[in-house]
Amino acid sequence: MIRSVVRGFGAALPKRVMTNRELEDVVDTSDEWIVQRTGIRQRHIASDDETTSSLGERAARAALDKAGLTPADIDLIICATSTPDNTFPATAVNIQNRLGMSPTSPPSVPTL
């Protein structure tokens, strides 16, 4: 029987944090208005050199490290995003390349 197993997980966020107070200088809003309606107090903003695939690579490397694995141990990359690096190739393929996996490595699945 074929089954999937999660051996590790990782996360990555853009380094820059923008608070609601900072957002008040850019948009006609207030910290109170945002928090009251959304509960959001801050958000992470990607810099020009941070992409979905660079964040995906950081998260993948963290997951691999926790699991004691290498990119060669990966059977499949799935990347679900509404902010892809490009329309084509899929961001999962970009992550695969950033991890140093060969183009003939296991398939990468683009999703939205």
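Sequential numbering of the sequence shown, starting at -10, is according to our numbering.
We treat Cβ as the ideally placed atom computed from N, Cα and C, and that holds for glycine.
This one's a predicted model, so the numbers in the text were calculated from it and none came from an experiment.
query	result
Go through its chain and collect everything with a Cβ distance to serine 36's Cβ below 8 Å, but skip five positions before and after it.	Pro3, Lys4 and Arg5
From the DSSP output, read off the bridge partner residues of isoleucine 34.	Arg5
Measure the C-alpha to C-alpha separation of phenylalanine 77 and leucine 53 and round it to an integer number of angstroms.	26 Å
Inspect the beta-carbon positions of glycine -3 and arginine 50 and report whether they are closer than 8 Å.	no
How many angstroms separate the CA atom of cysteine 68 from the CA atom of isoleucine 23?	29 Å
Is it buried or exposed, leucine 88, if we count other Cβ atoms within 10 angstroms and call 16 or more buried?	buried
With DSSP collapsed to three states, give me the class of alanine 79.	coil
May I have the straight-line CA-CA distance separating serine 42 from glycine 57, to the nearest angstrom?	22 Å
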